[in-house]
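In this note's numbering, the protein residues as written are 7 to 257.
Think of the CB as a built atom: it goes at the ideal place given N, C-alpha and C, for glycine as much as any other residue.
Taking it in order: structure first as C-alpha cells, then the write-up.
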Amino acid sequence: MIPRSHPRYHSLIKREKIIEGFKNGIVAHAGLIAHGRGEAFDYLIGERSEDFAILAEKAAVAKMYLAKNPVISVNGNVTALAADKVVSLAKLLNAKIEVNLFYRTEERIRRIVDEFRKYGVQILGEKPDSLIPGLEHSRALCSSEGIYSADVVLVPLEDGDRAQALKNMGKFVITIDLNPLSRTAQTADITIVDELTRALENMIEFARKIDHLSATKILSKYRNGEILSQSLLHINRRLKEMAATLQTPQA
Ligand code: ATP
Ligand code: MG
7 MIPRSHPRYH SLIKREKIIE GFKNGIVAHA GLIAHGRGEA FDYLIGERSE DFAILAEKAA
67 VAKMYLAKNP VISVNGNVTA LAADKVVSLA KLLNAKIEVN LFYRTEERIR RIVDEFRKYG
127 VQILGEKPDS LIPGLEHSRA LCSSEGIYSA DVVLVPLEDG DRAQALKNMG KFVITIDLNP
187 LSRTAQTADI TIVDELTRAL ENMIEFARKI DHLSATKILS KYRNGEILSQ SLLHINRRLK
247 EMAATLQTPQ A
C-alpha cells in the first residue's frame, strides 16, 4: 500500500496500474518503457494540467462532439490506466472505442476487449477487416466501421508512424502525449500535452457541458502550433526557475 501522504502518490498509483496491467497481459514490455518516458516529461511539466493542456482538451472535446464518426483508439497502457474514463468519455461523445496495438498479439487483444466488457461496452478491433495504408500488416489492421471510416480519431499514447498514417488518410488526429517533442505530438491536429488520466478527467467534465455553439467557437480560435510552443516555454521556464534557486550568491 502506498500512503496517500507520499509526495509521489499519484505517480506511484499509475505505476502500480501499469505493472498490474503488465502482469495481466494487457501492457506490453515496450509499454513499461513508454510509461517511463511519459513520467519523465510529467516531472518536467510539474504533474498538473496547465493552460495549454486545458485549451487542447476543450478543443478535442469540441471536435469530437461535432464529428460524424469519432473513434477513441486504445492500447495496453490506455486500458491499464484509464479504461473506465475512456468508457465515460465515449458515452458522453457518442464515440466508438477500438483497440489497436503496436505489438499485436491475439491474446493481448482479447484481454483488453475483456477489460472493456467489464464496463458493459463492446469495442472494435478484435476482428479487423481493413488496413491503414502505409503501415506494416499487423499495425495497419483496423475496423471498417471504426478507425477506417472515422473522421476524427483520438489516439492517446500513439506512435509517430501511425499518427502520420492516419493523417495521410485525411483524418483529424487528436493525441494525448506528455512529450511535446514526439513525432505524434508534432503530427497531430490537436496535441494534449497532459497525463492521460488527468486529460480524460478534464475532457469528461467538458463533454458534460459542451454544445454546438461553444464547440464551434472554441475550434475557430484554436492553434495547435501555439499550444505546442506554450508547452515547451512552460518547461523551459520551470527549469530556469529551478536553476536560479540553486545558484549560490556571488561573494
Ligand atoms: P513518437 O513515435 O511519437 O516519436 P515515442 O516513440 O517517443 O513517440 P511511443 O512509445 O511511440 O513514444 O509513444 C508513447 C508516448 O506516450 C511517449 O511520447 C510518452 O511520453 C507518452 N506517454 C506515456 N505515458 C503517458 C501518459 N500516462 N500520459 C500521457 N502521455 C504518456
Ligand atoms: Mg514511437
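Would you mind giving the Cβ-Cβ distance between residue i and residue j, rounded to the nearest angstrom? I have them listed as a contact below 8 Å.
i, j, result
"Leu199", "Leu184", "Correcting the residue type first, residue 199 is Val in the shown sequence and not Leu. Their Cβ separation, rounded to whole angstroms, is 6 Å, which keeps Val199 and Leu184 in contact under 8 Å."
"Phe212", "Lys69", "About 12 Å separates the two Cβ atoms, so there is no contact after all."
"Leu172", "Ile138", "7 Å"
"Leu206", "Leu95", "6 Å"
"Thr85", "Glu121", "5 Å"
"Gly166", "Thr190", "5 Å"
"Asp5", "Ala73", "The shown model of the chain, from 7 to 257, leaves out residue 5, and the question about it has no answer."
"Arg244", "Gly52", "6 Å"
Thinking C-alpha only, which one of the options is nearest residue i?
i, options, result
"Pro186", "Glu201, Val158, Gly176", "Glu201"
"Ile123", "Thr193, Val93, Arg229", "Rather than Ile, the amino acid found at residue 123 in this sequence is Arg. That would be Val93, whose Cα lies nearest to the Cα of Arg123."
"Lys147", "Val158, Arg168, Thr222", "The displayed chain sequence assigns Leu, not Lys, to residue 147. Of the candidates Val158, Arg168, Thr222, the one whose C-alpha sits nearest the C-alpha of Leu147 is Arg168."
"Lys133", "Glu142, Met175, Thr111", "Thr111"
"Ile60", "Met209, Glu26, His240, Arg117", "Met209"
"Ser149", "Glu142, Gly131, Gly140, Glu26", "Gly131"
"Gln236", "Ser226, Lys223, Thr197", "Thr197"
"Ala221", "His12, Glu63, Pro13", "Glu63"
"Leu18", "Ile32, His41, Lys29", "His41"
"Tyr125", "Ser136, Arg145, Lys97", "Lys97"
"Gly82", "Pro162, Gly140, Leu141", "Pro162"
"Arg338", "Leu99, Ser188, His16, Leu252", "One cannot answer for residue 338 here, as it falls past the ends of the chain, which runs 7 to 257."
"Ile180", "Asp90, Val80, Glu26, Leu87", "Val80"
"Val77", "Ser55, Ala101, Ala89", "Ala101"
So if DSSP puts residue i in a beta bridge, which residue, or which two residues, is it bridged to?
i, result
"Val158", "Pro76, Phe178"
"Ile196", "Ile180"
How far does the beta strand (DSSP E) with residue i in it reach, from first residue to last?
i, result
"Thr254", "No beta strand (DSSP E) holds Thr254; DSSP gives it neither H nor E."
By the DSSP assignment, the alpha helix (DSSP H) with residue i in it spans what residues?
i, result
"Val105", "Here Val105 belongs to no alpha helix (DSSP H); instead the beta strand (DSSP E) covers 102-105."
"Thr203", "202-215"
"Ile32", "Per DSSP, Ile32 belongs to no alpha helix (DSSP H) and is neither H nor E."
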